[in-house]
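Worksheet: one structure, shown below.
Numbering (our numbering), first residue to last: 12 to 76.
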């Protein structure tokens, strides 16, 4: 019985490796569009003049009081 257990360990490891390999090789192209859109919004926010950010910061400071 102990030898059967030792033979099952590599079998389960191979099955786990096959599952992980198929998961790691999955198609992940759908998330790129939303990530690129978020990056574009980030760049637009960073390209704004400092006055627009300062006004937004001052406005949010008065809301918390």
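The C-beta atom is built at its ideal place from N, Cα and C for all residues, glycine as well.
Worksheet item: What number of angstroms, rounded off, separates the C-alpha of residue 24 from the C-alpha of residue 30?
Response: 10 Å
Discussion item. Quick check: the Cα distance between residue 26 and residue 51, rounded to an integer number of angstroms?
Written reply: 41 Å
Discussion item. Looking only at its chain, what residues have a beta carbon closer than 6 Å to the beta carbon of residue 28, apart from the 5 residues adjacent to it on each side?
Written reply: none
Worksheet item: What residue does the alpha helix (DSSP H) around residue 36 start on, and which one ends it?
Response: Note, residue 36: premise wrong, no alpha helix (DSSP H); not H, not E.
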